[in-house]
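Asker: Start counting the sequence shown at 200; every next residue gets the next number (my numbering).
Below is a structure I'd like to ask you about.
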Amino acid sequence: MKNFILYSSAFLLPLSVSAQKVPTSKPNILFILADDLGYTDLSCMGSKFYETPNLDKIAQKGMIFTNGYAACSVCSPSRASILTGKFPARHGITNWIGEESGEDWRKLNRHSILLPADYIHNLPKDYITLPEALKEHGYKTFFAGKWHLGGQGSYPEDHGFDINIGGWESGGPGGGYFSPYKNPKLTDGPKGEDLQMRLAMETVKFLKENRGKPFLAYLSFYAVHAPIQTTEARWKKYRDKAEKMGISKNGFAMGKRLPIRQHQDNPVYAGLIESMDNAVGLVLDELKKLGLDINTIVIFTGDNGGVASGDNYSTSNTPLRGGKGTQWEGGIREPFFISVPWMKLAGKKCDVPVSGVDFYPTILDLAGLPLKPDQHLDGISILPLLMGGQVAERALIWHYPHYGNQGGDPNSTIRKGDWKLIHYLEDGKNELYNLKNDLSENTDMATANPDKTAELWTELDQYLKSVGAKYPVKDSLYNANLEKEFQDKIVNQLWPRLENERKQMLEKDFKPNADWWKSKTTD
């Protein structure tokens, strides 16, 4: 008997696509997650500097969701949301795991008005995660790469993954992007081995060994998280490309709290993106060689926006405002591709706002498996959108009661339709933007649209109360003069240093160290 997908009555579908045939065998899922990748960091998303032919292929064969979002502007919360189908305010992991909160925040000498809220430091075990839901129906599950959802006892193998290669508590590549890796969950390869390619090779090994059963292969790159590294050859390729495109005299402008990169011209970052893209190409090629491409759903996205401020100040998200850690579109909007081999999706785009919380129910729906609405409480299946239909309008929610290392403010944010409201937790101010007309969030419409502002704030506030969201509190030791001194150092010391480092990286004789971050071995 042929299988058919069934839909919830909440979905609004034209009769012509009320049902969609799927293969009689359970489809495989290849889920590829990049770390800190910006919305415009791919060729297919508008970059003229970075080169990503393999990632572009996923977009070209699938549907591009132009309003695709991560569930948070930093990594751990959005990663938890993908696996649980819950917004961070509900699951409680509202910041990257390991950051200080409460009175411990003072140790960082940021001198901010608020003490950030506490948050959960491990993915709760009482949730049925996406891999656990798939395992209930015979799926083999594999994880490779960055985890950052808790330490011992809360690793991938503790949350439904049969195999874990490289996933532990660290949020970055401890040993850098070339072996030795200094990762207790990943044996070292030959000196100088590329981390992205190693994770791809481990994924390929899994595909070969499990080609006869349905599988979830979750390839979670550490790239392009700091510290950014590449080979000398790739640096030179993109350094020369930057020169041909025209190197701007100045690379940064001062944002509200930190300098922000204005151009995509970082040759080291470009080389790191290319190495990740090559690794994706290896996996896609192997899928085809094994004949698995005809029955494998391929999904690609990122966990938060590109790093324009903070960390390595790596990229520019223009025309989006801000980047990782901020409340602006540059901090939360992501490449968001879904390719389904039995659907004719090539070249199609969808402008409906969707979120990382939607992957859980969508994957179950695509696989013809029953949904788990008591688990993916905030996510919906977006299969109707893939089929050319519609979904009921709903709100997307962000809650970040912290100060981003990248210059973000404690905030709660809602998007519904074309409207986005940002509620600032320091002073209770609301800002309102119409993203259809003002993608760069330049014009605050709150005063001109008091009814829409009130409507969205009420819905946002009610949701946060319903899930017991946590909030920061005023710091009784706050000193405005100390905060000003801190900000003055950023303007007068950090900003000039960043400009100088950018110029050095674009010089013809740039050399970071003797062996280019271990990519050149001496053995």
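Heads up, the beta-carbon is just placed ideally off N, CA and C, and yes, glycines get one too.
In whole angstroms, what is the alpha-carbon distance linking D492 and K345?
Answerer: For the purposes of this step, residue 492 is identified with residue 293 of the sequence shown, where counting begins at 1. For the purposes of this step, residue 345 is identified with residue 146 of the sequence shown, where counting begins at 1. Those two C-alpha atoms are separated by around 25 Å.
Asker: What number of angstroms, rounded off, separates the C-alpha of S639 from the C-alpha of D240?
Answerer: Within the sequence shown, residue 639 is the residue found at index 440, counting from 1. Within the sequence shown, residue 240 is the residue found at index 41, counting from 1. Roughly 17 Å between the two C-alpha positions.
Asker: DSSP has D393 in a bridge; who is on the other side?
Answerer: Position 194 of the sequence shown, counted from the first residue, corresponds to residue 393. Partner(s): F377.
Asker: Tell me the DSSP bridge mates of E630?
Answerer: Position 431 of the sequence shown, counted from the first residue, corresponds to residue 630. Looking at the DSSP assignment, E630 forms a beta bridge with I621.
Asker: Specify, as a first and last residue, the run of the beta strand (DSSP E) that K548 falls within.
Answerer: Within the sequence shown, numbered from 1, the residue matching residue 548 stands at position 349. K548 -> beta strand (DSSP E) spans K547 to C549.
Asker: Which residue spans inside the stretch 436-478 form an unbroken beta strand (DSSP E) run of at least 3?
Answerer: You should have 451-453 and 458-460.
Asker: Select from E533, I537, T293 and E302 the residue whose C-alpha is nearest the C-alpha of H347.
Answerer: Here the question's residue 347 lines up with position 148 in the sequence shown. Checking every option, the nearest Cα to that of H347 belongs to T293.
Asker: Quick one: complete beta strand (DSSP E) runs, 3+ long, within the stretch 529-610?
Answerer: 535-538, 547-549 and 595-599, all fully within the stretch 529-610.
Asker: State whether the stretch 280-295 contacts the stretch 568-581, with contact taken as three or more CB pairs (one from each stretch) at a distance under 8 Å.
Answerer: Short answer: they touch.
Asker: Looking at the unbroken alpha helix (DSSP H) that takes in F685, where does it start and where does it end?
Answerer: Translated into positions along the sequence shown, residue 685 becomes position 486. F685 -> alpha helix (DSSP H) spans A679 to K688.
Asker: Going by alpha carbons, who is nearest to R397 out of I327, K324, L322 and V479?
Answerer: Within the sequence shown, residue 397 is the residue found at index 198, counting from 1. Considering only alpha carbons, the answer is V479.
Asker: In chain order, which beta strand (DSSP E) runs of at least 3 residues are fully inside the stretch 314-359?
Answerer: Within the stretch 314-359, the complete beta strand (DSSP E) runs of at least 3 residues are 339-344.
Asker: Across which residues does DSSP place I228 in a beta bridge pair?
Answerer: Taking the first residue of the sequence shown as 1, we reach residue 228 at position 29. Paired residue(s): L415 and I496.
Asker: So within the stretch 255-318, which uninterrupted alpha helix (DSSP H) runs reach at least 4 residues, ignoring any that extend past its ends?
Answerer: Segments of the alpha helix (DSSP H) lying fully in the stretch 255-318: 274-283 and 287-290.
Asker: Looking at L585 and the ligand ATP, is the gap between the Cβ and the nearest heavy atom below 7 Å?
Answerer: The model depicted lacks the ligand ATP and carries no ligand whatsoever.
Asker: In this structure, does DSSP put S718 in helix, strand or coil?
Answerer: For the purposes of this step, residue 718 is taken as the residue at position 519 of the sequence shown. Here S718 sits in coil by DSSP.
Asker: Measuring CA to CA, which of D235, E331, S300 and I228 is closest to V672?
Answerer: Counting from 1 along the sequence shown, the entry for residue 672 is found at position 473. Ranking D235, E331, S300 and I228 by Cα distance to V672 puts S300 first.
Asker: For L457, tell me which candidate among K688, K707 and A713 has the shortest Cα-Cα distance.
Answerer: Here residue 457 refers to the residue found at position 258 of the sequence shown. When only C-alpha atoms are compared, the closest one is K688.
Asker: Rounded to whole angstroms, what is the Cα-Cα separation between N253 and T517?
Answerer: By 1-based counting over the sequence shown, the position of residue 253 is 54. By 1-based counting over the sequence shown, the position of residue 517 is 318. Cα to Cα, the separation comes out at about 23 Å.
Asker: From the DSSP output, which residues share a beta bridge with T612?
Answerer: Numbered from its first residue, the sequence shown carries residue 612 at position 413. According to DSSP, which records beta bridges pairwise, T612 is partnered with W597 and I621.
Asker: When you compare only the Cα positions, how much space is there between K404 and K412?
Answerer: Working through the sequence shown from its first residue, we reach residue 404 at position 205. Working through the sequence shown from its first residue, we reach residue 412 at position 213. Taking the straight line from one Cα to the other gives about 14 Å.
Asker: What are the boundary residues of the beta strand (DSSP E) that includes N699?
Answerer: As a first step, residue 699 is located in the sequence shown; it is residue number 500 there, counting from the start. That residue, N699, is in no beta strand (DSSP E); its alpha helix (DSSP H) goes W694 to M704.
Asker: Check for me: the alpha helix (DSSP H) holding K669 runs from which residue to which?
Answerer: Here the question's residue 669 lines up with position 470 in the sequence shown. Run containing K669: none; DSSP gives neither H nor E here.
Asker: Is the stretch 362-372 in contact with the stretch 408-427, if contact means three or more CB pairs nearer than 8 Å?
Answerer: Taking 8 Å as the limit for Cβ pairs, the verdict is that the stretch 408-427 does touch the stretch 362-372.
Asker: For a test of the three-state rule: what should DSSP assign to L491, helix, strand or coil?
Answerer: Working through the sequence shown from its first residue, we reach residue 491 at position 292. Coil, per DSSP.
Asker: Just to confirm before moving on: does the CB-CB distance between V482 and A425 stay below 8 Å?
Answerer: Counting from one through the sequence shown, the residue named residue 482 turns up at place 283. Counting from one through the sequence shown, the residue named residue 425 turns up at place 226. Their beta carbons are not under 8 Å apart, which means V482 does not touch A425 by this criterion.
Asker: By how many angstroms is the C-alpha of S447 removed from the C-alpha of N648?
Answerer: As a working note, residue 648 is residue 449 in the sequence shown. As a working note, residue 447 is residue 248 in the sequence shown. If you take the alpha carbons of N648 and S447, they lie about 39 Å apart.
Asker: Cβ atoms of L631 and L620: under 8 Å apart, would you say?
Answerer: By 1-based counting over the sequence shown, the position of residue 620 is 421. By 1-based counting over the sequence shown, the position of residue 631 is 432. In this structure, L631 lies closer than 8 Å to L620 by Cβ.
Asker: Taking buried to mean at least 16 other C-beta atoms within 10 Å of its own C-beta, is Q428 buried or exposed?
Answerer: As a first step, residue 428 is located in the sequence shown; it is residue number 229 there, counting from the start. It counts as buried.
Asker: Would DSSP call A233 helix, strand or coil?
Answerer: Within the sequence shown, residue 233 is the residue found at index 34, counting from 1. If DSSP states are grouped into helix, strand and coil, A233 belongs with the strands.
Asker: Who are the Cβ neighbours of N227 in its own chain at under 8 Å, not counting the five residues just before and after it?
Answerer: Numbered from its first residue, the sequence shown carries residue 227 at position 28. Around N227: P413, F414, L415, A416, L491, N494, T495 and I496.
Asker: Determine the burial state of S611: buried for a count of at least 16 other Cβ atoms within 10 Å of its Cβ, exposed for fewer.
Answerer: Against the sequence shown, residue 611 aligns to sequence position 412. Its Cβ being crowded by 16 or more others within 10 Å, S611 is buried.
Asker: Please work out which residues of its chain come closer than 6 Å, Cβ to Cβ, to D708, disregarding the five sequence neighbours upstream and downstream, and give them in chain order.
Answerer: Along the sequence shown, read from residue 1 onward, the residue named residue 708 stands at position 509. None.
Asker: Let me know if Y354 comes out buried or exposed under the rule of 16 or more other beta-carbons within 10 Å of its beta-carbon.
Answerer: Reading the sequence shown from its first residue, position 155 is the one you call residue 354. Buried, since its Cβ has 16 or more Cβ neighbours within 10 Å.
Asker: Can you name the start and end residues of the beta strand (DSSP E) that I364 belongs to?
Answerer: Looking up residue 364 in the sequence shown gives position 165. First-last of the beta strand (DSSP E) with I364: I362 to I364.
Asker: Report back the beta-carbon spacing between I581 and V553 to the nearest angstrom; my notes put them in contact at under 8 Å.
Answerer: Counting from 1 along the sequence shown, the entry for residue 581 is found at position 382. Counting from 1 along the sequence shown, the entry for residue 553 is found at position 354. The Cβ separation is near 5 Å, so the contact holds.
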